[in-house]
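Residue numbers (this note's numbering): 41 to 457.
Input: a single structure, listed below in structure tokens.
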């Protein structure tokens, strides 16, 4: 791993936690540790036209905010880029930024499609996809794990569930990687908006072709569902398909890439996994805690409230909840800076908590577990061959590039399958 400069706590007043460059180019671990210990509710003051916001860093406080549906809402946005710019246009249309009865109704529709029973239908296909990608990567000698493996596993799974035609998948993969992040620091501001609009338009067309269909894919399910006797309209179909493909792709993709980097940095844990000394499901949870692809989530205070009997937050204030810090909270995780595939319990907040607990958590877990299992079964060793490149985002944490060489388990270069 390429060492990043560590931001000292005394620089806190000079940094902007909403700045993508800050997260891509720096190590904030000391800042998070300082905030957890000394200022668990930190108010970042306004920066130019950007409003100020609360920064919540402890696990218990993050949980309290997310579970308080009476005083906090996601309908003004659920991440800082939306919250600090006036709100999310998809509010009360897309599940992630809808609350109350409407949220319950929409979630009930989608929960059926993402239940463990439904996801088991794609498990064998997922395993075959992972084995093929790893074999191809090992056969080629050097590969970019982030693009050649991680980028393809989650997208294949979510596209199977949405029944996206094979010919369209590469197009969607290219778009999803630019909605919430960029590969470089000076990406034009409109890049993400353009990618988002293209995804929305794509699913608007696809959903219309599924109306009246008796197929069981998620797009067909949405296109033929009703709420209070009314079919979902075009805006609701577009927004929720968009939310599903973004959520279904990004968490799994970045957790898989980050998981391999962690295994390369902690060889004892790789050996434990390889020897069968680490349970795959337990290991999956630690990879999710450690990599924490969603850096933060956000809420908007609807009333004056006191969180955990300690901190007053006023109506109209923005609250950012930093999962990147909460997942390393010493109060919840013994020795939190140790990567331990046998860690249990592991109450990480990678999928948030409360009524907005990530709908796709079963799918993301399946994806990470499938790759860990594939590495354990088919790969004997790996090494990093060039520096990794981190994405530019204040919402997501992950890599756009991780050059590695993989060695097949039998000691010979395999043929692609």
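Glycine is no exception: its CB is placed at the ideal position from the N, C-alpha and C atoms.
Since this is a predicted model, take the numbers as computed values, not measurements.
{"Item": "Presumed contact (8 angstroms Cβ cut-off) between residue 103 and residue 80, rounded CB distance", "Value": "That belief does not hold up - the Cβ atoms of residue 103 and residue 80 are roughly 13 angstroms apart, past 8 angstroms."}
{"Item": "Alpha-carbon spacing of residue 180 relative to residue 253, whole angstroms", "Value": "42 angstroms"}
{"Item": "Under 8 angstroms between C-beta atoms of residue 436 and residue 333", "Value": "yes"}
{"Item": "Three or more C-beta pairs below 8 angstroms linking the stretch 347-357 and the stretch 366-383", "Value": "no"}
{"Item": "Residues that DSSP places opposite residue 65 in a beta bridge", "Value": "DSSP lists no partner for residue 65."}
{"Item": "Rounded straight-line distance, which links the Cα of residue 87 to that of residue 186", "Value": "34 angstroms"}
{"Item": "The stretch 351-366 contacting the stretch 393-405, beta-carbon criterion three pairs below 8 angstroms", "Value": "no"}
{"Item": "Option in 64, 47, 142 and 268 with minimal Cα separation from residue 396", "Value": "142"}
{"Item": "Cβ separation of residue 267 and residue 146, assumed to be a contact under 8 angstroms, to the nearest whole Å", "Value": "7 angstroms"}
{"Item": "Counted within 10 angstroms of its Cβ, other Cβ atoms place residue 112 as buried (16 or more) or exposed", "Value": "buried"}
{"Item": "Residue closest to residue 178, alpha-carbon to alpha-carbon, out of 343, 421, 442 and 440", "Value": "421"}
{"Item": "8 angstroms CB neighbourhood of residue 425 in its chain, flanking five on each side removed", "Value": "182, 443, 444 and 445"}
{"Item": "Residues near residue 447 by beta carbon distance below 6 angstroms, same chain, minus five either side", "Value": "420 and 421"}
{"Item": "Residue 162 (DSSP reduced to helix, strand or coil)", "Value": "helix"}
{"Item": "Segment contact, 8 angstroms Cβ cut-off, at least three pairs: the stretch 213-229 with the stretch 307-316", "Value": "no"}
{"Item": "For residue 49, three-class secondary structure by DSSP", "Value": "helix"}
{"Item": "Nonlocal neighbours in the same chain, by C-beta distance under 7 angstroms from residue 191, ignoring five residues either side", "Value": "213 and 293"}
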